[in-house]
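**Student:** Here our numbering = 1-based position in the sequence shown + 10.
Heads up, the beta-carbon is just placed ideally off N, CA and C, and yes, glycines get one too.
This one's a predicted model, so the numbers in the text were calculated from it and none came from an experiment.
Starting off with a structure, shown below.
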Amino acid sequence: PPKVTNVKIIGDLRENGKVTATGIVTGGTEGSSRAFRIPLGAVGCYIVAKYTPMTPDGDSGESTFVISDRAVESSSSPKLEFLINYWRLQ
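As structure tokens, then:
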């Protein structure tokens, strides 16, 4: 059966950003992965992904879990937040 090592979560770790899991597959070829859009309100949370390596004919290997290396960040830019707060004070 195929095996996967060096599994990582890559992409935009912000609210509404898209991430995918990737890894090095042996005993098969890496196929396409589904992207995950991070929901609003996930700021401060970590993303956990399950990666199951599969061969083109459907043989699957052992699943591996990976956790993002940092927490989800806010999607609002600091400049935009500054402007919003500035106008609230006026």
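Between LYS18 and VAL76, what straight-line distance do the alpha-carbon atoms span, to the nearest angstrom?
**Tutor:** One C-alpha to the other measures close to 7 Å.
**Student:** Anyone know if the C-beta pair for ALA52 and VAL82 falls short of 7 Å?
**Tutor:** Cβ distance < 7 Å, so ALA52 and VAL82 count as in contact.
**Student:** PRO63 and VAL3 - do their beta-carbons sit closer together than 7 Å?
**Tutor:** Residue numbering for the chain in the displayed model covers 11 to 100; residue 3 lies beyond these limits and cannot be assessed.
**Student:** What residue range is occupied by the uninterrupted beta strand (DSSP E) comprising VAL29?
**Tutor:** Looking at the DSSP string, the run of the beta strand (DSSP E) that includes VAL29 is 28–36.
**Student:** Distance check for SER70 and TYR61, CA to CA, integer angstroms please.
**Tutor:** The straight-line gap from Cα to Cα measures roughly 11 Å.
**Student:** From this set, TYR56, GLU25, GLY27 and PRO66, which residue's C-alpha is nearest GLY41's C-alpha?
**Tutor:** Residue PRO66 is the option with its Cα nearest to GLY41.
**Student:** Excluding the 5 residues flanking ASN26 on each side, which residues of the same chain have their C-beta closer than 6 Å to its C-beta?
**Tutor:** The answer, listed in chain order, is SER85.
**Student:** Starting from the C-beta of THR39, find all residues in its chain whose C-beta is less than 7 Å away, skip the five residues before and the five after it, and write them out in chain order.
**Tutor:** Only PRO66 meet the Cβ criterion.
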